[in-house]
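Student: Heads up: the sequence shown begins at 3 in the numbering used here, then just goes up one per residue. No residue lacks a Cβ here, since even glycine has one placed at the ideal position from N, Cα and C. Values in this document were obtained by computation on a predicted structure and should not be read as measured data.
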Amino acid sequence: REGLYHNYYTSKTYSPSDPMSKDLWVNIDQMDKDKVKIHGILSNTHRQAARVNLSFDFPFYGHFLREITVATGGFIYTGDVVHRMLTATQYIAPLMANFDPSVSRNSTVIYFDNGTALVVQWDHVHLQDNYNLGSFTFQATLHNTGRIVFAYKEVSQISSVNHPVKVGLSDAFVVVHKIQQIPNVRRRTIYEYHRVELTKTKITNSTAVEMMPLPTCLQFTSCSACISSQINFNCSWCHRLNRCSSGFDRHRQDWVDNSCPDETKDKMCDIVDTTYLYPFTTTIVAKTTSRGKEATAGKETPSTSHPPTSVPTEDDTKIALHLRDNQVMPADSAVDRVPGTHPLHTGLILGILLVMLIMIAGVLITVYIYHHPTSAASLFLIERRPSRWPAMKFRRGSGHPAYAEVEPVGQEKEGFIESEQC
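Next up, the structure:
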């Protein structure tokens, strides 16, 4: 038995002589036949993939998945964005190779879900470019605890000259870039942030591999637990997202777009208990003046080593306005007012009076021009009537689209072009 450490997972490889290798093999023939499904399309095609819904939440690199994609090539794709290069990133691969179930009638792709685990078995599949090497039978089991098991019944060593051969796990995050030179066009880039590579030479008949998930930052749901965590990652808490992360997971774009890397430099949890009263972050509440702190209805708040900011940022201003709209803060706590004055009401009344005066003046002018067609004002408008204006053509009103649309077969229009780069 061989044990390896991979930051996100620990793996153990069991040899054919180890009893655990037999225990980890799931005999689908003995399972409930109503739950065992043979995928007809995958069992008769080459380089195809099909979505499979899970009956449980499956933790993968700390993310909970309810849908996976089973591919004929001996692997499971775990990403949300389906692209041409599924074999590059975001996979669970017991034995990724150029398998072609269509070359043999005995080849099938089977899966079984019992509510706590999903078993996917590639049964008697052959390589497209080397049929004489024999058939392969192996499986992958995904448990609701995040535990992943690869079990092998009948396999052979495969060359990776013509097709990548992989055994292990991989995950990545997707970042969307807007191209400024071309409007309505964006580019998606997939970044692989971690990979578990297992030794392919150790994969033989009657072997098995067991991978156990390690704690990640995503499992912590509070700021104090996040920054005090003692795991293999440098966890930081982002108040804007209410999320704990190392900065490298599938939510990477949200983490960057909300300036979480800048926010987490201080490594502090400011007024954690009062955050649930407001729809925004605690760091902004902690930056309010002493007058703003009195608005917490007498609640005790922990002290912070960061001095209050003298000039509020743009986000601080928006927070104050939002809190006043919801009547969380007293109105007189934000602005010092002179007793007896109501500047908001006075400005509203003056605006209404001004609009009424403009409307009355317009009606009087219209009546005067109608009854005096020979007046200077009437002649001025006649000479400049719309029929003398030059014709103007608007591109957007002509029915021509401002951008090209691409509609893949079987997918909805997105209204923009996407190019994928892995």
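1) Note the first and the last residue of the continuous alpha helix (DSSP H) segment covering V258.
2) Return the chain-ordered list of same chain residues with a C-beta closer than 8 angstroms to the C-beta of G431, the five sequence neighbours on each side being excluded.
3) Taking 9 angstroms as the cut-off, decide whether the C-beta atoms of E2 and Q92 are in contact.
4) Quick check: is the beta carbon of T71 nearer than 9 angstroms to any beta carbon in chain D?
5) Taking one C-beta from the segment 30 to 39 and one from the segment 178 to 191 each time, how about it: are there three or more such pairs within less than 8 angstroms?
6) Roughly how far, in whole angstroms, is the beta-carbon of H145 from the beta-carbon of D173, given that I think they are within contact range, below 8 angstroms?
7) Within 10 angstroms of its Cβ, does P1 collect 16 or more other Cβ (buried), or is it exposed?
8) Please list the terminal residues of the continuous beta strand (DSSP E) segment that includes S238.
9) What did DSSP end up calling A363 once you bin it into helix, strand or coil?
10) Return the bridge partner residues of V157 from the DSSP annotation.
11) Between the C-alpha atoms of G364 and V178, what's the straight-line distance to the nearest angstrom?
12) Going by DSSP, which residues form a beta bridge with F138?
13) Write down the C-beta distance between G249 and S231 rounded to the nearest angstrom, noting that I regard them as a contact closer than 8 angstroms.
14) Counting C-beta neighbours from all protein chains within 10 Å, is the total for Y113 16 or more, i.e. buried, or is it exposed?
15) What would DSSP say about M214, mapped onto helix, strand or coil?
16) Between which two residues does the alpha helix (DSSP H) holding S247 run?
17) Buried or exposed for Q255, please, with buried defined as at least 16 other CB atoms from any protein chain shown within 10 angstroms of its CB.
18) On the DSSP letters alone, give me the boundaries of the beta strand (DSSP E) that A52 sits inside.
19) Work out the CA separation of M213 and K168 for me, nearest whole Å.
20) What is the rounded straight-line gap between the Cα of S161 and the Cα of T203?
21) Compare the beta carbon distance of S247 and L216 with 9 angstroms and say whether it is the shorter of the two.
22) What are the boundary residues of the alpha helix (DSSP H) that K24 is part of?
23) Grouping DSSP H, G and I as helix and E and B as strand, with all else coil, what is T368?
24) Who pairs with F114 in a beta bridge, going by DSSP?
25) Measure the Cβ-Cβ separation of Y154 and A210 and say whether it is below 9 angstroms.
26) Let me know if E302 comes out buried or exposed under the rule of 16 or more other beta-carbons within 10 Å of its beta-carbon.
27) Output needed for N55: all residues of its chain with C-beta closer than 7 angstroms, excluding positions within five of it in sequence on either side, in chain order.
28) Among F222, V176, N236, F235, which one has its Cα closest to the Cα of R245?
29) If you measure between the beta carbons of T80 and A51, is that distance less than 9 angstroms?
30) Using the three-state DSSP reduction, which class does I30 fall into: helix, strand or coil?
31) Identify every residue that forms a DSSP beta bridge with H196.
32) Express the C-alpha separation of I362 and H374 in angstroms, rounding to a whole number.
33) Which one of L88, T206, L171 has the shortest CA to CA distance from Q159?
34) Distance, Cα to Cα, L243 vs L171?
35) Evaluate R53 with the Cβ neighbour count: other Cβ atoms within 10 Å of its Cβ, from every protein chain shown; 16 or more gives buried, anything less gives exposed.
Tutor: The answer reads as follows:
1) 254 to 259
2) The question about residue 431 has no answer here: the residues shown for the chain are numbered 3 through 424.
3) The shown model of the chain, from 3 to 424, leaves out residue 2, and the question about it has no answer.
4) This model lacks chain D altogether; it includes just one protein chain.
5) no
6) Their Cβ separation, rounded to whole angstroms, is 17 angstroms, which puts H145 and D173 out of contact at 8 angstroms.
7) Nothing can be reported for residue 1, as the shown portion of the chain is limited to 3 through 424.
8) 238 to 240
9) helix
10) Paired residue(s): none; V157 is not in a bridge.
11) 51 angstroms
12) V127
13) Actually they do not touch by this definition, with Cβ atoms about 14 angstroms apart.
14) buried
15) strand
16) It is not in any alpha helix (DSSP H) - S247 instead sits in the beta strand (DSSP E) that spans 245 to 247.
17) exposed
18) 51 to 62
19) 16 angstroms
20) 11 angstroms
21) no
22) 21 to 25
23) helix
24) V38, V121
25) yes
26) With a pLDDT of 37 at E302, under the threshold of 50, the modelled position of that residue is not reliable, and the figure given next carries that caveat. So E302 ends up on the exposed side.
27) R68, E69
28) F222
29) no
30) helix
31) D173
32) 18 angstroms
33) T206
34) 28 angstroms
35) exposed
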